[in-house]
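Numbering (this note's numbering), first residue to last: 19 to 118.
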């Protein structure tokens with residue numbers, strides 16, 4: 019038989035409506051826009067803490083270790099980053115995302 023092309027399996031479907039909306043996915047794009055405006059260290063701290071890197075939230079100690087920072091530095095960086103985010107993302111949406 020003929021080999022089938024990989025693209026033929028999709029058949030033009032874009033997948034919209036296939037699954038109910040996921041609150042985390044709904045928040046992900048606006049959150050990524052906010053994170054992209056943060057200084058790199060703040061962005062990295064929040065990505066690790068909220069599980070945006072690997073799908074698993076990291077505690078403060080793991081985050082500090084991963085970034086080569088002290089606990090107090092990491093805590094302060096996280097605090098400043100959340101101050102920026104609070105200005106851009108409604109708190110209810112953020113809480114819904116963090117609670118999964």
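Positions of the beta carbon are idealized from the N, C-alpha and C atoms, including for glycine. On a predicted model such as this, the values are computed, not experimentally measured, just so you know.
Could you tell me the alpha carbon to alpha carbon distance between residue 99 and residue 65, rounded to whole angstroms? In a straight line, the C-alpha of residue 99 is about 11 Å away from that of residue 65.
Between the C-alpha atoms of residue 25 and residue 78, what's the straight-line distance to the nearest angstrom? Residue confidence for residue 25 is low, a pLDDT of 49 falling below 50, so the modelled location carries little weight and cannot support an answer.
So for residue 71, helix, strand or coil by DSSP? Secondary structure of residue 71 (DSSP, three-state): coil.
Under 8 Å, with one C-beta from each stretch per pair, do the segment 87–105 and the segment 48–64 reach the 3-pair mark? Taking 8 Å as the limit for Cβ pairs, the verdict is that the segment 48–64 does touch the segment 87–105.
In this structure, does DSSP put residue 77 in helix, strand or coil? Coil, per DSSP.
Is DSSP giving residue 48 helix, strand or coil here? Of the three classes helix, strand and coil, the one that applies to residue 48 here is helix, per DSSP.
Residue 74 vs residue 67 beta-carbon contact at 8 Å: At the C-beta level, residue 74 and residue 67 stay beyond 8 Å of one another.
Using the three-state DSSP reduction, which class does residue 55 fall into: helix, strand or coil? Note: residue 55 maps to coil in three-state DSSP.
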